[in-house]
Structure formats: structure tokens, C-alpha cells
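Chemist: Next up is a structure, given as C-alpha cells.
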Amino acid sequence: MATYRGTVAKNDLEGGFWELDCEDGSKYQLRGGDDQLRVEGQKVEVEGTIAKDAFGIGMTGPHLDVASWKKA
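Using numbering that gives the first Met the number 0, read the sequence shown as starting at 0 and increasing by one per residue.
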């Protein structure tokens, strides 16, 4: 499990999904977490794993399975 720091953003592509725009420039589609995580512009620290077998319509980056998170 790794830690990722960045900003939560809503992507409106094909009905919308939530992503994490990381400080290092990488992007991940968020999978899991709770409603308090999904706040546009919120800076967070997420612990989770990259889902290597996941496929989605977003195509902005791999899926990040959220194990836990906190405001940064």
C-alpha cells in the first residue's frame, strides 16, 4: 500500500467520475472512499493500491483503490 498526495477533482467525461490529481503530476481515478472524500478542490492524502486489472471510461489514469484518506 502506498500514500498519494494531491487534489480531488471531478471529471465530467461520460457522466462523471472523481480523480486524484497528485502533486507529482500523475492522475488516478478514485475507487472507494466515502462522500467526504469527493469534494472538488480538496487537498488530501490517500492510502491505497493501484488496481492493475481495472478498466474504465475515464482513461485519465489507473484506478486507485482507496483504503483510507485524510485532509492534507
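We put the CB at the ideal spot given by N, CA and C, even for glycine.
These numbers come from a predicted model, not from an experiment.
(1) Grouping DSSP H, G and I as helix and E and B as strand, with all else coil, what is Gly32?
(2) Identify every residue that forms a DSSP beta bridge with Leu63.
(3) Could you check where the beta strand (DSSP E) with Gly5 kicks off and where it finishes?
(4) Measuring only the C-alpha atoms, how far is Val43 from Leu36?
(5) Since Glu18 is in the beta strand (DSSP E), which residue starts that stretch and which ends it?
(6) Identify whether Glu44 lies in helix, strand or coil by the three-state DSSP scheme.
Modeler: On the basis of the coordinates in this document:
(1) coil
(2) Leu29 and Ile49
(3) Ala1 to Asn10
(4) Looking at the two C-alpha atoms, the distance is approximately 8 Å.
(5) Phe16 to Cys21
(6) strand
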